[in-house]
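Residue numbering for the sequence shown follows the UniProt record's numbering, beginning at 1 and increasing consecutively.
We put the CB at the ideal spot given by N, CA and C, even for glycine.
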Amino acid sequence: MKFYNLKDQNEQVSFTEAVQRGLGKQQGLFFPVTLPEFTQKEVATLLEQDFITRSLPILSAFIGDEIPQNTLAQAIKTAFSFPAPLVRIDDKIALLELFHGPTLAFKDFGARLMAQILSIVGKNDPITILTATSGDTGAAVANAFLGLKNIQVVILYPRGKISPLQEKLFCTLGQNIHTLAIEGDFDACQSMVKQAFEETPLRKTLKLNSANSINISRLIAQICYYFEAVAQIPPNQRSELVISVPSGNFGNLTAGLLAKALGLPVKRFIASTNVNDTVPRFLIEGQWRPEKTKATLSNAMDVSEPNNWPRIEALFRFKNWSLKELGYGVVNDKTTERTLLELNELGCLSEPHAAVAYRLLRDQLQAGESGIFLGTAHPAKFKDKIEPILKLRLDLPPELAQRANLPLLSRNLPADYRALSDFLRKLPLSF
Ligand SMILES: *Cc1c(COP(=O)(O)O)cnc(C)c1O
Numbered sequence: 001m002k003f004y005n006l007k008d009q010n011e012q013v014s015f016t017e018a019v020q021r022g023l024g025k026q027q028g029l030f031f032p033v034t035l036p037e038f039t040q041k042e043v044a045t046l047l048e049q050d051f052i053t054r055s056l057p058i059l060s061a062f063i064g065d066e067i068p069q070n071t072l073a074q075a076i077k078t079a080f081s082f083p084a085p086l087v088r089i090d091d092k093i094a095l096l097e098l099f100h101g102p103t104l105a106f107k108d109f110g111a112r113l114m115a116q117i118l119s120i121v122g123k124n125d126p127i128t129i130l131t132a133t134s135g136d137t138g139a140a141v142a143n144a145f146l147g148l149k150n151i152q153v154v155i156l157y158p159r160g161k162i163s164p165l166q167e168k169l170f171c172t173l174g175q176n177i178h179t180l181a182i183e184g185d186f187d188a189c190q191s192m193v194k195q196a197f198e199e200t201p202l203r204k205t206l207k208l209n210s211a212n213s214i215n216i217s218r219l220i221a222q223i224c225y226y227f228e229a230v231a232q233i234p235p236n237q238r239s240e241l242v243i244s245v246p247s248g249n250f251g252n253l254t255a256g257l258l259a260k261a262l263g264l265p266v267k268r269f270i271a272s273t274n275v276n277d278t279v280p281r282f283l284i285e286g287q288w289r290p291e292k293t294k295a296t297l298s299n300a301m302d303v304s305e306p307n308n309w310p311r312i313e314a315l316f317r318f319k320n321w322s323l324k325e326l327g328y329g330v331v332n333d334k335t336t337e338r339t340l341l342e343l344n345e346l347g348c349l350s351e352p353h354a355a356v357a358y359r360l361l362r363d364q365l366q367a368g369e370s371g372i373f374l375g376t377a378h379p380a381k382f383k384d385k386i387e388p389i390l391k392l393r394l395d396l397p398p399e400l401a402q403r404a405n406l407p408l409l410s411r412n413l414p415a416d417y418r419a420l421s422d423f424l425r426k427l428p429l430s431f
């Protein structure tokens, strides 16, 4: 399958090249030249298969024959080594739990598949992963690449703006994982990363690769769990399905829309955000006007310039869908707190990101529809925020308990590209 640069239609690359380069010229995102589609019968068959078996044809629809089927099947098995269960909240609404991976967030799916694919297509040449995180990406990427041969990983995050436990998950690893605490917000981190990719000599020497949701391999990995969600619904209840996606950089929603484009029966998606509401305002006013990023309870969604939006626009254009069909909504911290309490009364111990998605789903679901909202992170990752709201005490799962007392190995850096560039130049090239 070919992928093209959304900023320059003439730049077309193979899947392998898109994965290795991350971004195209002028920082353009790669997007499939054509969107594959399964027949209804094929979708029905896929939905009868198990998660691992089904993910092979789904991913092959985008990868084509660039990776041999048995190699890809093995990579899927290694990457998707944990379940994505659908848990009923009431008779209309269910929660898709995407947090059973090693770093307890949905980003494990994409990061782990990407690590596998890169080591297959990279043939062990030294590379450097450079990425910005608003929280969970860092942990997922660091853990997915930890100890991989010839791969250095550099992760930027906004200092003091991610949960202390989240920080412990990826800033205590050492080895080939380097973490930089930046004096700025996530958008500042993302912009520094973008600048490094623009510096061609540096990019080439270090073989820079961004592992954030920009990378097409991470995005297509996430398509697989949307199928897994629907597969867990009885066939006679699969029509009129609405899925609410807690969104920050909009990779997760892009993957959901790609699943729908492939033929997955989803009536409507809801783009659920916190008060960093560039997309909802765009859908209302038709104007793209990012504002300064605001810190919220759902901090992994504190993104005011969501990177993946051009992909969503391209997808709607290709399918001739109207953006008017996309649901959306904004939830502030106060309502998020109230919703956490409400979910707790329903027997669901949740966290702020899922609560944002649940809130809009419950408010917007119409008669005859049923809904799924995505649980993007394990509640324990946000223990310090949830405990005072719900007035209870949460135990740490073993993945977190192990790391909670280890010292942070991060280095502080100003939000200044020169500081990053100096750091990168001193990085050992191979490992
Ligand atoms: C990254 C993240 C999100 C936002 O996902 P996007 O794909 O960036 O929209 C939501 N919730 C959690 C817990 C996350 O880590």
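Just checking my contact of residue i with residue j at CB under 8 Å: how many whole Å lie between their CB atoms?
i: Pro36; j: Leu46; result: That pair is no contact at about 13 Å.
i: Leu148; j: Ser191; result: No, Leu148 and Ser191 are not in contact; Cβ-Cβ is about 27 Å, not under 8 Å.
i: residue 434; j: Ala94; result: Residue coverage of the chain in this structure runs from 1 to 431, which leaves residue 434 outside it and unanswerable.
i: Gly263; j: Val33; result: The pair is not a contact, with the Cβ atoms about 18 Å apart (cut-off 8 Å).
i: Val330; j: Asp277; result: 4 Å
i: Leu96; j: Ala139; result: Contact flag wrong, Cβ pair sits at about 20 Å.
i: Ala180; j: Ser410; result: Position check: residue 180 holds Leu in this sequence, whereas Ala was assumed. Rounded, the Cβ-Cβ distance is 7 Å, consistent with contact.
i: Pro280; j: Tyr328; result: 5 Å
i: Ala84; j: Leu72; result: So it is not a contact: roughly 19 Å between Cβ atoms.
i: Lys161; j: Asp185; result: 6 Å
i: Gln166; j: Lys381; result: 6 Å
i: Ile182; j: Ala401; result: Contact doesn't hold; Cβ gap of about 28 Å is too wide.
i: Val242; j: Glu369; result: 5 Å
i: Phe423; j: Leu413; result: 7 Å
i: Gly251; j: Ser304; result: No, Gly251 and Ser304 are not in contact; Cβ-Cβ is about 16 Å, not under 8 Å.
Which class does residue i belong to by DSSP, given the choice of helix, strand or coil?
i: Gln364; result: helix
i: Ala404; result: coil
i: Val356; result: helix
i: Ala231; result: helix
i: Ala261; result: helix
i: Ile67; result: coil
i: Val330; result: strand
i: Phe431; result: The predicted position of Phe431 is uncertain, since its pLDDT is 46 and thus under 50; a value taken from the coordinates is nonetheless stated next. Reduced to three states, the DSSP call for Phe431 is coil.
i: Gly101; result: coil
i: Lys247; result: First, the amino acid is wrong: residue 247 is Ser here, not Lys. The answer is coil: DSSP assigns Ser247 none of H, G, I, E or B.
i: Gly135; result: coil
i: Gly24; result: coil
i: Thr200; result: helix
i: Asn276; result: coil
i: Thr293; result: coil
i: Val193; result: helix
i: Val242; result: strand
i: Thr335; result: helix
Let's see if you can read the secondary structure: which residues bound the beta strand (DSSP E) around residue i?
i: Leu413; result: 411-414
i: Asn10; result: 8-14
i: Val33; result: Unbroken run through Val33: none, as it is neither H nor E.
i: Pro158; result: 151-158
i: Asn5; result: 2-5
i: Val87; result: 86-88
Does ligand 1 have even one heavy atom less than 7 Å from the beta-carbon of residue i?
i: Ser244; result: no
i: Phe80; result: no
i: Leu349; result: no
i: Asp185; result: no
i: Gly251; result: yes
i: Ala105; result: yes
i: Thr137; result: yes
i: Ser247; result: yes
i: Ala300; result: yes
i: Ser213; result: yes
i: Thr376; result: yes
i: Leu353; result: The question names Leu, but residue 353 in the sequence shown is His. His353 Cβ: within cutoff of ligand 1.
Taking residue i as part of the alpha helix (DSSP H), name the residues at either end of that continuous run.
i: Arg112; result: 107-121
i: Thr376; result: Counting along the chain, Thr376 falls outside any alpha helix (DSSP H), and DSSP gives it neither H nor E.
i: Ser213; result: Neither: Ser213 is in no alpha helix (DSSP H) and is coded neither H nor E.
i: residue 444; result: Outside the modelled stretch of the chain, which goes from 1 to 431, sits residue 444, for which no answer is possible.
i: Ala44; result: 40-48
For residue i and chain B, any beta-carbon pair shorter than 8 Å?
i: Leu118; result: Of the protein chains in the structure, only one exists, and it is not chain B.
| query | Below 8 Å, can you find three or more Cβ-Cβ pairs linking the stretch 369-383 to the stretch 337-353? | reply | yes
| Is the stretch 18-29 in contact with the stretch 245-257, if contact means three or more CB pairs nearer than 8 Å? | no
| query | Three or more C-beta pairs closer than 8 Å, one from the stretch 79-95 and one from the stretch 104-120: is that the case here? | reply | yes
| query | Three or more beta-carbon pairs under 8 Å between the stretch 119-129 and the stretch 141-157, yes or no? | reply | yes
| At a cut of 8 Å, does the stretch 331-349 reach the stretch 206-218 through at least three beta carbon pairs? | no
| message | Does the stretch 317-325 come into contact with the stretch 214-223, if we say contact requires no fewer than three beta-carbon pairs (one atom in each stretch) closer than 8 Å? | response | no
| message | Under 8 Å: do the stretch 5-15 and the stretch 57-71 share three or more Cβ pairs, one atom per stretch? | response | yes
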